[in-house]
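Peer 1:
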Amino acid sequence: MEVLGEAADDELSGLYARLNLDEGVEEALRSLIDRHNDYEAAAEAERTARTILEAERRQLRWCEGYEAWMEEATAADLEQEREATQADAAQEEAHLEEIKTIERALEAAREEGTVEQLRAEYRRARTQLADDRDRDYDRAVGKVIADLVQEETRDRGLPPVFHRARDLFADIIDDRYELTLDRKTGTFRAYNHVYDDSFSLDGLERLFERLQGETPSHSGA
């Protein structure tokens with residue numbers, strides 16, 4: 107028994123040495139064990155979260171109205187899109203409910219001499235609903251047209267070297283962003299079509315100047 111006790115003490119001393127701990131600091135050892143357990147629990151939680159996320163993405167792809175950008179959008183983007191859709195649906199639902207209310211009132215008021223007034227209100231409600239739909243449609247079409255016009259006229263007059271720089275930039279970042287030139291400030295920006303946003307690129311002017319220097323001059327042709 108004494109020999110076994112000495113062997114256990116030697117093994118414990120070796121463990122302290124490997125962990126760079128002074129002998130007798132059991133609390134520190136327990137703390138290390140607890141931290142390791144916490145790490146294992148956190149790692150398992152992350153694996154579970156990733157599994158759930160991938161399952162949710164697969165389910166999202168089967169949903170009606172699915173678009174690829176939804177997988178890359180942040181929670182805030184999706185919440186904003188959801189709120190906008192709910193607001194439009196609520197507005198249309200309100201108009202439809204108003205129309206139903208007027209229809210019921212028309213039926214009840216046929217013998218009270220107020221039919222024409224109610225019919226006028228009914229026509230007004232239907233007109234309002236149609237106007238709202240037309241306005242939303244015009245707004246959507248206007249944005250598409252504006253985007254097309256901007257796309258066609260944005261780079262007009264720029265030298266060929268800019269288009270070369272744009273192609274190189276697209277190759278580098280796998281077409282995730284598009285290189286644009288802010289004519290007002292004379293600075294380059296990277297535009298993301300998914301989030302409809304852009305950001306500045308520090309130092310890209312030097313790349314443009316270098317590419318411009320590499321382009322053969324046609325002045326003597």
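According to the numbering used here, the sequence shown is numbered sequentially starting from 107. Cβ atoms here follow ideal geometry from the backbone N, Cα and C, with glycine treated the same way.
If you reduce the DSSP assignment to three classes, tell me which class D302 lands in.
Peer 2: Position 196 of the sequence shown, counted from the first residue, corresponds to residue 302. Coil.
Peer 1: Just to confirm, are V283 and A296 a CB contact at a threshold of 8 Å?
Peer 2: For the purposes of this step, residue 283 is taken as residue 177 along the sequence shown, with counting starting at 1. For the purposes of this step, residue 296 is taken as residue 190 along the sequence shown, with counting starting at 1. Position check: residue 283 holds Tyr in this sequence, whereas Val was assumed. Yes. Within cutoff.
Peer 1: Output yes or no for whether 8 Å exceeds the beta carbon distance between L75 and A211.
Peer 2: Since the first residue shown for the chain is 107 and the last is 327, residue 75 is missing from the structure and cannot be characterised.
Peer 1: Assuming T286 is part of the beta strand (DSSP E), what are its boundary residues?
Peer 2: Counting from one through the sequence shown, the residue named residue 286 turns up at place 180. Looking at the DSSP string, the run of the beta strand (DSSP E) that includes T286 is E284 to D288.
Peer 1: To the nearest angstrom, how far is the alpha carbon of E162 from that of I208?
Peer 2: The residue labelled residue 162 in the question sits at position 56 within the sequence shown. The residue labelled residue 208 in the question sits at position 102 within the sequence shown. Between E162 and I208, the C-alpha separation is close to 43 Å.
Peer 1: Hey, out of E213, D194 and E204, whose CA is closest to D240's CA?
Peer 2: For the purposes of this step, residue 240 is taken as the residue at position 134 of the sequence shown. The candidate whose alpha carbon is nearest that of D240 is D194.
Peer 1: DSSP state of T293, grouped into three classes?
Peer 2: Position 187 of the sequence shown holds residue 293. Here DSSP, grouped into helix, strand and coil, assigns T293 to strand.
Peer 1: Checking 8 Å against the spacing of the C-beta atoms, do A231 and E187 come in under that value?
Peer 2: As a working note, residue 231 is residue 125 in the sequence shown. As a working note, residue 187 is residue 81 in the sequence shown. No, the pair does not count as a contact, with Cβ atoms beyond the cut-off.
Peer 1: Taking the alpha-carbon of A276 as reference, which of T291, K290 and N298 has the nearest alpha-carbon?
Peer 2: Position 170 of the sequence shown holds residue 276. Nearest of T291, K290 and N298 to A276, Cα basis: N298.
Peer 1: Measure the C-alpha to C-alpha separation of A123 and R153 and round it to an integer number of angstroms.
Peer 2: Against the sequence shown, residue 123 aligns to sequence position 17. Against the sequence shown, residue 153 aligns to sequence position 47. If I take the Cα positions, the gap works out to 34 Å.
Peer 1: Is L68 buried or exposed, if buried means 16 or more other CB atoms sit within 10 Å of its CB?
Peer 2: Shown here, the chain extends from 107 to 327; a query on residue 68 therefore has no answer.
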